[in-house]
Amino acid sequence: MCLGIPGEVIEILTDRPDLAKVDVSGVKRAINIGLLEGESVAPGDWVLIHVGFALSKIDEGEARAAMEFLESIGKAYEDEMAALAASRIEE
Amino acid sequence: MRFVDEFRDADKARALASKIAGLCEPGRRYKFMEVCGGHTHTIYKHGLEDYLPEQVQLVHGPGCPVCVIPMGRVDDAIHIARRPEVIMTSFGDMMRVPGSGGNFFDSNAEGTTIRMVYSPLDSLKLARQNPDKQVVFMAIGFETTAPSTAMTLLRAAAEGLDNFSVFCNHVTIIPAIKAILDSPDLRLDGFIGPGHVSTVIGCRPYEFIAGSYGKPVVVAGFEPLDILQSIYMLMVQLHEGRSEVENQYSRVVPWQGNPVALKVINQTMQLRPYFEWRGLGFISHSALRVRDDYASFDAEARFEVPGVRVADPKACQCGEVLKGVLKPWECKVFGTACTPETPIGTCMVSPEGACAAYYNFGRFSRKRVQEVTIG
Ligand code: SF4
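Shown next as structure tokens:
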């Protein structure tokens with residue numbers, strides 16, 4: 013739960029500008045981008061996600077490195093991804 | 002025999018390790034605390050201690066949010082969940098944290114509804130979908146997760162939901178570090194600062210450690226090389242007689258933190274006069290509660306919460322592990338009575354806990370752990 017997971021922004025939801033759809037290793041989910049207020053967030057940007065909120069923007073290289081690290085830690089990461097896959101905050 | 006994986010940059014790691022060794026003064030020992038459970042995880046997973054010269058020792062700090070939740074707060078959550086109208090929610094890591102009469106799964110077997118959610122926003126959604134229920138979110142975590150709870154509270158208020166509340170257990174990292182600095186048990190030479198907490202609070206709050214306590218702090222990323230690089234930076238500071246706050250993880254952590262996150266925390270939460278930490282006891286101004294302006298979303302105001310204090314089990318030495326005084330395997334029940342499947346203490350529950358990290362990735366196989374700890 014303390015793990016920050018990198019995701020690529022694929023869409024800003026037009027009816028909910030505080031939400032963005034991200035792709036985290038193929039899992040596509042909505043997350044909240046309200047904590048990045050004042051920064052521009054657009055498709056193609058990478059963000060570090062904590063419990064459904066983007067906490068900071070990162071560059072793509074950092075995102076890849078972070079992903080590699082997460083994949084290496086095994087179960088904790090799998091649990092986090094399973095939890096993310098079950099999340100539907102936009103409903 | 003090694004059970005840890007060699008990682009991609011093992012060569013670079015060895016090069017850094019030899020630079021670290023080159024800075025060791027003869028006869029001097031160096032003790033650095035990694036505050037964050039994520040760092041502990043990396044250190045054990047990659048066996049980083051094996052790379053370091055013997056003179057350099059890493060001790061694990063209190064930065065695992067699940068590990069510091071005292072038994073009484075688990076009991077209080079279960080107490081709230083026993084009300085028939087309540088759906089309690091929390092992160093998956095909380096489900097197996099033992100209370101005095103069992104954990105959340107045990108409680109559910111006796112009829113409560115405690116569900117795991119990925120995000121506090123999932124909890125808010127449950128409230129919307131179940132207008133005849135009271136949905137409570139048991140919030141835990143340091144400043145990394147507090148902004149998410151804060152944003153969720155603001156959203157609940159904006160929507161005018163009257164069936165959503167937060168059982169707030171957010172803790173703040175600085176008072177815990179201060180408590181450790183003030184404790185006579187431990188002599189530290191510097192700190193590997195937490196990465197993700199610092200994305201929110203920035204690097205400034207650590208300045209008192211460098212200033213008043215004269216100990217260097219390096220905020221670090223989570224990869225093996227980040228951690229070794231940070232240890233190297235700490236060693237250089239000591240070598241040059243400096244104590245400053247440095248940011249090894251500037252590619253993610255801005256010096257000023259995240260101003261929006263700090264603003265929303267401050268808007269919706271206020272410091273408690275004191276809070277009990279598992280194993281560390283009461284620490285003043287070390288936790289957050291829901292601000293009075295948002296009292297209708299505060300589970301502690303909405304429901305009657307007994308607020309019991311439960312002493313940790315006698316066998317449990319999590320307090321010593323959280324303060325870095327004991328290594329996980331030095332606890333008498335480590336790997337025998339206390340395992341990730343049957344945790345006695347919280348440090349064995351969360352993957353970020355030092356005991357679980359060591360158990361899962363330590364240099365011993367499970368069988369060997371048992372031989373060593375029994376024999
Ligand atoms: S082995 Fe178990 S009881 Fe002992 S310190 Fe670790 S978590 Fe606590």
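Protein sequence lines, in the order shown, are assigned to chains A and L.
Sequential numbering of the first sequence, starting at 13, is according to my numbering.
Sequential numbering of the second sequence, starting at 2, is according to my numbering.
Glycine included, every Cβ here is placed at the ideal spot set by N, Cα and C.
- Annotated three-state conformation of L/Y214 is coil, per DSSP.
- A/H62 is the residue among A/H62, A/V36 and A/G50 whose C-alpha sits nearest the C-alpha of L/P121.
- Between L/G191 and L/L235, the C-beta spacing is below 7 Å.
- Secondary structure in the stretch 283–366 of chain L: the alpha helix (DSSP H) runs of 4 residues or longer, each lying completely within the stretch, are 300–303, 319–323 and 355–362 in chain order.
- By the Cβ-count criterion, L/H240 is exposed, with fewer than 16 other Cβ atoms from all chains shown falling within 10 Å of its own Cβ.
- The three-state secondary structure of A/A54, taken from DSSP, is coil.
- With respect to the 7 Å criterion, A/P29 and A/L60 are not classified as neighbours on the basis of their beta carbons.
- Note that the C-beta distance between L/A358 and L/Y45 is below 7 Å.
- The continuous beta strand (DSSP E) containing L/L272 extends over residues M270 to L272.
- Listed along the chain, the chain L residues whose CB falls inside 7 Å of the CB of A/D91 are G93.
- With at least 16 other beta carbons inside 10 angstroms of its own, L/P344 counts as buried.
- Scanning chain A for C-beta atoms nearer than 7 Å to the C-beta of L/L122 yields N44, G64 and I101, reported in chain order.
- Listed by position along chain A, the residues whose Cβ is nearer than 9 Å to that of L/N259 are L47, L48, L67 and S68.
- Counting C-beta pairs closer than 8 Å gives fewer than three between the stretch 266–273 of chain L and the stretch 50–67 of chain L, which falls short of the contact rule.
- If you check the C-beta of L/F362 against the ligand SF4, you find no heavy atom less than 6 Å away.
- Taking the CA atoms as reference points, L/D107 sits about 10 Å from L/I79.
- Taking non-hydrogen atoms of the ligand SF4 into account, the C-beta of L/M349 is found less than 6 Å away from one of them.
- Around the beta carbon of L/T153, 16 or more other beta carbons sit within 10 angstroms, so the residue counts as buried.
- The beta carbons of L/G325 and L/Y360 sit about 18 Å from each other, so the pair does not count as a contact at 8 Å.
- For A/E20, the nearest beta carbon of chain L is not closer than 7 Å to its own beta carbon.
- Annotated as proximal: L/A316 and L/V334, with beta-carbon spacing under 7 Å.
- For chain A, the residues of the stretch 59–73 of chain L that bring a beta carbon within less than 7 Å of one of its beta carbons are P66, in chain order.
- Judged by pairs of C-beta atoms under 8 Å, the stretch 273–282 of chain L does not touch the stretch 136–154 of chain L, as fewer than three such pairs exist.
- The C-beta of L/R30 has fewer than 16 other C-beta atoms within 10 Å across all chains shown, which makes the residue exposed.
- With the criterion set as a beta carbon lying under 7 Å from some beta carbon of chain A, the members of the stretch 21–52 of chain L are G38, G39, H42 and K46, in sequence order.
- The beta carbon of L/C356 sits closer than 6 Å to at least one heavy atom of the ligand SF4.
- Here the stretch 158–165 of chain L does not lie against the stretch 200–219 of chain L, with fewer than 3 beta-carbon pairs under 8 Å apart.
- Between the stretch 256–267 of chain L and the stretch 94–107 of chain L, the count of C-beta pairs closer than 8 Å stays below three; the two stretches do not touch.
- Neighbours of A/L96 across chain L, judged by C-beta separation under 7 Å: Y119.
- Here A/I45 carries a coil assignment [DSSP, helix/strand/coil].
- Interface criterion met: the Cβ of L/T200 is under 7 Å from a Cβ in chain A.
- For L/K134, the closest Cβ of chain A is not nearer than 7 Å.
- The C-alpha of A/E80 is placed about 40 Å away from the C-alpha of L/I81.
- A distance criterion of 6 Å places the beta-carbon of L/Q318 in contact range of the ligand SF4, judged by its closest non-hydrogen atom.
- Going by DSSP, L/G73 is part of the alpha helix (DSSP H) stretching over M72 to A82.
- DSSP places L/N104 outside both helix and strand once states are collapsed to three, so it counts as coil.
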